[in-house]
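FYI, UniProt numbering numbers position 400 of the sequence shown as 400, with every residue one higher than the one before it.
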Amino acid sequence: MENVLETLVLADYEIVFRMDGRTGEYRKILAKPAVGSLYPDSGILGDEACLKYMASVYPKDRILLRTEMSPERLAETAKTGHRKIVSYRRRDPGGRLLYRKAVIVPVPDRTGFVCAIHDTTEEMRLRRENDRNLRMKDEGIRFIVENMCENFIIADTETHECTTYTNREGNISCKSRFDEQIDWFAENMVVPEERAYYRRYFDIDTLTGRIAEEGICRMTCSVIYKNDRRTFAITATLIDDPGKNEKPPFLFLCAQDITSIKRMKETNQLLLFHNQHDKLTGLLNRAAAEKRIREQLYAGSGKAGNTFILIDIDRFKHINDRYGHLTGDEVLRLMGESMRKVFRDKDILCRWGGDEFVVFVSGFADEKVMKSRLNILREKTGTFPDQANFPGITLSIGCVCVHREITLNRLFLLADEALYEVKNHGRDGISFKSLP
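Here it is, written out as C-alpha cells:
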C-alpha cells in the first residue's frame, strides 16, 4: 500500500487521505511539502476543517463535491469496488482559480477508501488553451469560407470521411464522405459539359497522387451558383496530422469564386488589346510596336540577324478619293489579314500610320527568304474582290536585313531609303538594304 501511495504522490497528487467508511474519519497519509500545511492531518468528514475547505470550492462545484463525498455515495462506491473521480474548482487564498481532481479508491476489505487529490490546473490550462485554439481555427476557417471562398473541405485520405465548411449563401448540402460530396457538387453545381472531367479530377486516390508529385494542385470549373454561371478556382493540397505522423495526410480543398476576377482580367486584357492595336487592321499600333521592337533589339546581340520591313500601299489617297473611304478601310483590313497569313505569330506586325505598315522579324535575316514571303504578300493583296473595276493593290516595300546591333531609328531610316528607291522606279516592288 505504501508503494502505491508513493506512486500516487509522484504522479502529481498533492495529498493522500485514508478514510474510514464506517466512522467517517479521515487521516492524512502522504502530502507534498509545499501543500501539506494547507490540509488538516486528521478529522471527521463534515468537521470544521472540511467546511473551511468546502468554502474555497467554486460555488457551482461545491454541491457536486459535497454530494459525491457523502456517506451514502461513498457506501455505493465501496459496494462496487470501483474508483470514483470527482473534478472540481477552488480558489486559493489569493483568489486564483485552481483545478482539482479527487480520486477515491476503495481499499480491498471495502471498509474504507484512499482519497488522492490531484492538481490539474496546468492540465486544464493547456486543455482550455487547446480548446480555444481549436475554436479560433474553426472560426478562422468559417471566416475564410464566408468572406473569401465558397466552400472548404477537409477529408481523411484513409477513411474518405470529410467535413465541409460552406458559405451561408450557397445552399450547399454537406456530406460526410468525400466521394458523396464531390458527386453532390457535380450534379447540383457543375455545368453538365464539365461534370465527367470534374469527377475524374477529384477521384481521391488520383488527386492525392497528383498532389504528392506537384505539391499544390489548382483547377477551374464552371458552375451554376446563386442563379448565375460562374467560375470557381479550386485549390487542393495535403497536410499531415501533426499529432500522428504515421497517419496518412488530410486532403484540403478550397473553392473560390473568381468570376469577378476573371471578368475584370478579361476586361483589362480587352482594354489593353484595344490600347495596343489598330482598330481597322487588328495589327499593333505604332507605339506598341516601337516598344516591342526596341525590347527585342536590346535583348539580343544582333548576331543571329534581324529584319525590318517598311510597306507602303501605292496610291492609297487615290483609292480613297476614287472609290471612297469605306473602300479604303476595306483595303486596310485586307492588308492586315494578308500580313497575318504570310508572317509568323511571333513576328511584330504593325500599322505604322496611314497607309504605312511595318514588319519586324527577330532572329532571322535572309534576303532570299524574305523576298519570297513579301512576294506572297503582294499576291494576296493584289486582287481586291469587293469592288468592280478596281485596279488592285500594289505595294512599295523597303527591307533591311542586319547581323549586328542597331537602333530602331537607324533601321527605319534604312528601310525608308529602300522604300523610296522603289517609289522612284515606279512603285510596286521590293528593295533591300543589307548591313554586314
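C-beta atoms are modelled at their ideal positions from N, C-alpha and C, and glycine is treated no differently.
E76: member of the alpha helix (DSSP H) spanning P71 to T80, first to last residue.
Assignment of beta-bridge partners to R89 by DSSP yields Y99.
By the Cβ-count criterion, K317 is exposed, with fewer than 16 other Cβ atoms from all chains shown falling within 10 Å of its own Cβ.
According to DSSP, residue pairing for Y53 in a beta bridge does not occur.
Per DSSP, H274 is one residue of the alpha helix (DSSP H) stretching across T259 to Q276. For Y197, the closest alpha carbon among the candidates S176, Q181 and T220 is that of T220. For the UniProt domain "GGDEF" (304–435), the full-length beta strand (DSSP E) segments reaching 3 residues or more read 306–313, 348–353, 356–362, 395–402 and 429–435 along the chain. Exclusion of the five residues before and after L65 leaves M54, V57, V86, Y88 and A102 as the residues of its chain whose Cβ lies within less than 8 Å of its Cβ. Taking a contact to require three or more Cβ pairs closer than 8 Å, the stretch 260–277 and the stretch 360–370 do not qualify as touching. Looking from the CA of G354, the closest CA among L377, D312 and I216 belongs to D312. Inclusion of T166 and N151 in the CB contact set at 8 Å is warranted, their separation being smaller than that value. Contact annotation: I117 and R96 have beta-carbon atoms that are not nearer than 8 Å. Taking I376 as reference, the option from I406, I430 and V402 with the minimal CA-CA separation is I430. Under DSSP, no beta-bridge partner is assigned to N285. Excluding the 5 residues flanking it on each side, L207 has same chain C-beta neighbours closer than 8 Å at Y201, C217, A236 and L251, in chain order. Boundaries of the alpha helix (DSSP H) around N188: F178 to N188. Residue nearest to I204 within the set D257, N188, P40 and Q181 is Q181 (criterion: CA-CA distance).
Only residues of its own chain outside the window of five on either side were considered, and among them G336 have a CB closer than 7 Å to the CB of G282, listed in chain order.
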